[in-house]
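*Asks:* Numbering (our numbering), first residue to last: 82 to 447. Glycine residues also receive a C-beta, built at the ideal position from the N, C-alpha and C atoms. Only a predicted model underlies this, so the values are computations on that prediction, with no experimental measurement involved. This is the structure I have questions about; it appears just below.
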Ligand code: GLA
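What follows is the structure, encoded as structure tokens:
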């Protein structure tokens, strides 16, 4: 049972400010961001909300309604505890490190982005916190530097070696559009979904952790492939360079092939969206999943099953694992108006076959 604890009840005063940020779902372009490549995420309706009131001292007192727990620390004396509070400590730490004057605060966090679902609950929290602190302490930080600060908090303080996609998506993406982002330059463009389609997002109920070793191992393999090929980043290679990968040990060859072909699939997906070609976009979703499963090896049997069940639905153009992998969610491109029904049909079949408990997150239920 969760106890409804309002800011007023917790801290005996109202908040000065309320800020929020959405979770994200990546349409295509997976494990390309830390290789300098392209990504295409969009927002989901689920959000993280932060209420905050400044304090005269340096205490940061935090209540998270999501974990139903509180914690406190002193701003400027953040020490990692390997716990959820590190996301908050990381934010005040990087803000102060960047020269912003941030002191104590009372903070209440609430989120509808499910943890471990591959939908960026971490980045949604980082961006919501950054927005709340920026507003309450009058800090001038634009959306792109805000995303960089969020990533820095996660990399340098929480200790998760993520790329920049999630923070950029949570900071800049908009409903109805995908954020076509070049992660090397951070140049971006907003691209509309083709008419006549909608997304369904289904959480497998198998949770992932990117602080775990698998994500780190993939990053290392990409670096090894770059060193062996004499390139700075896998982004420097194109599909025409694929024959060069044959010189690599087989595992590295597969990892590099995923990244190089996935970058091309993002470019093709943007072209398909601009042409309004749902079938072409769906085929790219399918190809991306196969590449993540066979070459990058970040899928798991439950997710493969869910994707296969989704693809069998008549109204579906394509489906794939979204996010870092090793569990999490799938994203389905479905005919407009059918997303919820498709999601529920997939969920029923998946739950029956796996004994897991999946949830349809997008479109949200009535
Ligand atoms: C996680 C990371 C991102 C990105 C994806 C995979 O979500 O946080 O930076 O690497 O995995 O595309």
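Compare the Cα-Cα distances from residue 225 to each of 186, 193, 268, 184 and report the closest residue.
*Replies:* Selected option, being the one with the closest Cα: 268.
*Asks:* With respect to the alpha helix (DSSP H) encompassing residue 172, which residues constitute its N-terminal and C-terminal limits?
*Replies:* Start and end: 166-178.
*Asks:* Counting by C-beta, which residues lie closer than 5 Å to a heavy atom of the ligand GLA, in chain order?
*Replies:* Per the Cβ criterion, the list is 111, 112, 114, 243, 244, 246, 247, 404, 405.
*Asks:* Contact between the segment 350-357 and the segment 395-408: three or more CB pairs below 8 Å?
*Replies:* The segment 350-357, when compared against the segment 395-408, does not touch it at the 8 Å Cβ threshold.
*Asks:* In angstroms, rounded to a whole number, what distance separates the CA positions of residue 399 and residue 297?
*Replies:* Answer to the nearest angstrom: the Cα atoms are 28 Å apart.
*Asks:* Below 6 Å CB to CB, which residues in the same chain sit around residue 127 once its five sequence neighbours on both sides are set aside?
*Replies:* The answer, listed in chain order, is 104, 193, 194.
*Asks:* Rounded to the nearest angstrom, how far is the Cβ of residue 347 from that of residue 110, given a contact under 8 Å?
*Replies:* Yes, they are in contact, since the Cβ atoms of residue 347 and residue 110 sit about 4 Å apart, within 8 Å.
*Asks:* Hey, which unbroken runs of the alpha helix (DSSP H) at 4 residues or more fall wholly within the segment 290-351?
*Replies:* Runs found: 294-310.
*Asks:* Whole angstroms is fine: what's the gap from residue 166's alpha carbon to residue 214's?
*Replies:* Cα to Cα, residue 166 sits roughly 15 Å from residue 214.
*Asks:* If you draw a straight line from the alpha carbon of residue 270 to that of residue 428, how long is it in whole angstroms?
*Replies:* Computed Cα separation, rounded: 33 Å.
*Asks:* Between which two residues does the alpha helix (DSSP H) carrying residue 435 extend?
*Replies:* 420-435 is the span of the alpha helix (DSSP H), which, as asked, contains residue 435.
*Asks:* Considering just the uninterrupted stretch of the beta strand (DSSP E) at residue 450, what are its terminal residues?
*Replies:* This structure does not reach residue 450, given that the chain is present from 82 up to 447, and the question cannot be answered.
*Asks:* Contact check, residue 248 vs residue 221 under 8 Å by CB: the rounded distance?
*Replies:* So it is not a contact: roughly 18 Å between Cβ atoms.
*Asks:* Going by DSSP, what residues sit across from residue 132 in a beta bridge?
*Replies:* The partner list for residue 132 (beta bridge, DSSP) reads 99, 189.
*Asks:* Using the Cα positions of residue 147 and residue 254, report the straight-line distance between them to the nearest angstrom.
*Replies:* Whole-angstrom Cα-Cα distance: 24 Å.
*Asks:* Which of helix, strand or coil does DSSP assign to residue 358?
*Replies:* Residue 358: coil per DSSP, three-state reduction.
*Asks:* Have a look at the DSSP bridge pairing and note the partners of residue 280.
*Replies:* For residue 280, which the question treats as bridged, DSSP gives the partners 414.
*Asks:* Alpha carbon to alpha carbon, what distance is there between residue 306 and residue 432?
*Replies:* Distance between the alpha carbons of residue 432 and residue 306: 39 Å.
*Asks:* Give the DSSP bridge partners of residue 353, in chain order.
*Replies:* Residue 353 is not bridged to any residue.
*Asks:* Measure how close the beta-carbons of residue 179 and residue 230 come, nearest whole angstrom, since I'm counting them as under 8 Å.
*Replies:* Between residue 230 and residue 179 the Cβ distance is about 7 Å, and since that is below 8 Å, they are a contact.
*Asks:* Can you tell me whether residue 363 is buried or exposed? The criterion is at least 16 other CB atoms within 10 Å of its CB, across all chains shown.
*Replies:* Classification for residue 363: buried.
*Asks:* Looking at the structure shown, is residue 244 part of a helix, part of a strand, or coil, going by DSSP?
*Replies:* Coil.
*Asks:* Give me, in chain order, the residues of the same chain whose beta-carbon lies closer than 7 Å to that of residue 361; leave out the 5 immediate sequence neighbours on both sides.
*Replies:* Hits under 7 Å: 353.
*Asks:* Can you name, in chain order, every residue of its own chain whose Cβ lies under 7 Å from the Cβ of residue 98, other than the five neighbours on each side?
*Replies:* Hits under 7 Å: 133, 213, 216, 217.
*Asks:* I need the DSSP call for residue 153, collapsed to helix, strand or coil.
*Replies:* Residue 153 falls in the strand class under three-state DSSP.
*Asks:* Can the beta-carbon of residue 135 be found less than 8 Å from the beta-carbon of residue 186?
*Replies:* Contact: yes.
*Asks:* Residues in its own chain within less than 7 Å of residue 86 by CB, not counting five upstream and five downstream?
*Replies:* The residues are 144, 146.
*Asks:* List the residues that DSSP assigns as beta-bridge partners of residue 123.
*Replies:* 106, per the DSSP bridge assignment.
*Asks:* Within its chain, find whatever has a CB closer than 6 Å to the CB of residue 367; leave out the 5 residues flanking it on each side and keep chain order.
*Replies:* Excluding positions up to five away in sequence, the list reads 399.
*Asks:* Alpha carbon to alpha carbon, what distance is there between residue 236 and residue 131?
*Replies:* When rounded, the distance between both Cα atoms is 21 Å.
*Asks:* With a cut-off of 8 Å, does the C-beta of residue 382 fall near any C-beta of chain B?
*Replies:* Protein chain content of the structure displayed is limited to a single chain, and chain B is not contained in it.
*Asks:* Restricting to Cα atoms, I'd like to know which of 209, 142, 238, 266 is closest to residue 88.
*Replies:* Of the listed residues, the one whose Cα sits closest to residue 88 is 142.
*Asks:* Helix, strand or coil: how does DSSP classify residue 407 here?
*Replies:* Coil at residue 407, not helix or strand.
*Asks:* Just verifying my parser: in three-state terms, what is the DSSP assignment at residue 200?
*Replies:* Coil at residue 200, not helix or strand.
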